[in-house]
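Asks: Below are the structure tokens for one structure; questions will follow.
Take a look at the structure:
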């Protein structure tokens, strides 16, 4: 059984990595977006961020070198990814459920990293660190998943946006962490501990006896990791493109041949949207639609 657990975990990690790369590549190859033109953009100069401006307000901006504020962008993304800053500002009641769930997952990932580091470098100095992050991470994830599940089941405002998959995903997390907790707490004195399990996983040691309940939790946890990038929970990948390729892309077109080729290609698309007022009948190109007044049918 131990060997089967190792194989499933390694296979799940491989699926997670491959699926994440494939999804990222697909996002990167999507057609150009329509710019939002929303300011301030975090990578603007600090002096412009103060009043929500942009480099476009400078006289003859096209003649001046662009300044990219890496610190501004890193500062924004750190607060957004770790602390869900946008959700705190615009939907605080949901933040109290979503933040514990996401931050708990971050702590669980940190726990896995600390365990592997301890196993690789043969040190027990990180014992209390991974114990603390593991317990806190599991508790926060379960609390957040329960809060989100109850919110989706009881809030009429979320009814239209809640699918069976949303409910299943949250229950999946609860079952996985419930099994892992039960397996760890009932492992008994004969189980050498999670550090030994990490060493066994790295060395593929089949002699380690993993209790059945903990083995079930590990297998389900591995399957959950493989499942995540195959679903809309892969928003952790999409978020990068949403910010950098849509909200924050304010790069000027300075005669970029590659960009011009992409624009020409997309203007030749023949969209088939259901919205009749747009006139996307599958025959007209984007260029024809964009240069036609939809109220009169005449080109501009």
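Residue numbers (this note's numbering): -1 to 298.
Virtual Cβ for every residue (Gly too), placed ideally from N, Cα, C.
Predicted model only: the values in this text are computed from it and were never measured.
#1: With DSSP collapsed to three states, give me the class of residue 289.
#2: Using a threshold of 8 angstroms, state whether the C-beta atoms of residue 17 and residue 223 are closer than that.
#3: Thinking just about the alpha-carbon of each residue, which of 192, 247 and 36 is nearest to the one in residue 127?
#4: Measure the C-alpha to C-alpha separation of residue 20 and residue 241 and round it to an integer number of angstroms.
#5: Count the CB pairs spanning the stretch 192 to 204 and the stretch 138 to 152 that are closer than 8 angstroms, and state whether there are at least three.
#6: So the candidates are 30, 263 and 280; which of them puts its Cα closest to the Cα of residue 271?
#7: Counting Cβ pairs closer than 8 angstroms, one from the stretch 224 to 236 and one from the stretch 40 to 55, do we hit at least three?
#8: What's the gap between the Cα of residue 71 and the Cα of residue 0?
#9: Is the beta carbon of residue 179 less than 8 angstroms from the beta carbon of residue 136?
#10: Can you tell which of 234, 30, 211 and 93 has its C-alpha closest to the C-alpha of residue 174?
#11: Does DSSP put residue 22 in a helix, in a strand, or in coil?
#12: Give the DSSP-derived three-state secondary structure of residue 164 in the structure shown.
#13: Excluding the 5 residues flanking residue 93 on each side, which residues of the same chain have their C-beta closer than 8 angstroms to its C-beta?
#14: What are the boundary residues of the alpha helix (DSSP H) that residue 253 is part of?
#15: Just to confirm, are residue 171 and residue 143 a CB contact at a threshold of 8 angstroms?
#16: Using the three-state DSSP reduction, which class does residue 54 fall into: helix, strand or coil?
#17: Alpha carbon to alpha carbon, what distance is there between residue 33 and residue 247?
#18: Within the same chain, show all residues whose beta-carbon is closer than 7 angstroms to that of residue 217, passing over the 5 residues directly before and after it, in chain order.
#19: So, at 6 angstroms on beta carbons, what are the nonlocal neighbours of residue 124 in its own chain, with the 5 sequence-adjacent residues on each side left out?
#20: Between residue 266 and residue 283, is the Cβ-Cβ spacing less than 8 angstroms?
#21: Considering only their Cβ atoms, is the gap separating residue 236 from residue 25 smaller than 8 angstroms?
#22: Which residue comes first and which comes last in the alpha helix (DSSP H) that contains residue 133?
#23: Assuming residue 160 and residue 106 are in contact, meaning their beta carbons sit under 8 angstroms apart, how far apart are those beta carbons, in whole angstroms?
Replies: In short, the structure shows the following:
#1: coil
#2: The Cβ atoms of residue 17 and residue 223 lie no closer than 8 angstroms to each other.
#3: 192
#4: 19 angstroms
#5: no
#6: 280
#7: no
#8: 45 angstroms
#9: yes
#10: 211
#11: helix
#12: helix
#13: Once the five neighbours on either side are set aside, the close Cβ partners of residue 93 are 82, 85 and 86.
#14: First-last for residue 253: undefined, no H or E at that position.
#15: yes
#16: helix
#17: Answer to the nearest angstrom: the Cα atoms are 7 angstroms apart.
#18: Excluding its 5 nearest sequence neighbours in each direction, residue 217 has C-beta neighbours in its own chain below 7 angstroms: 3 and 6, listed in chain order.
#19: 112 and 116
#20: yes
#21: Cβ distance < 8 angstroms, so residue 25 and residue 236 count as in contact.
#22: 125 to 152
#23: Residue 160 to residue 106, Cβ: 25 angstroms. No contact.
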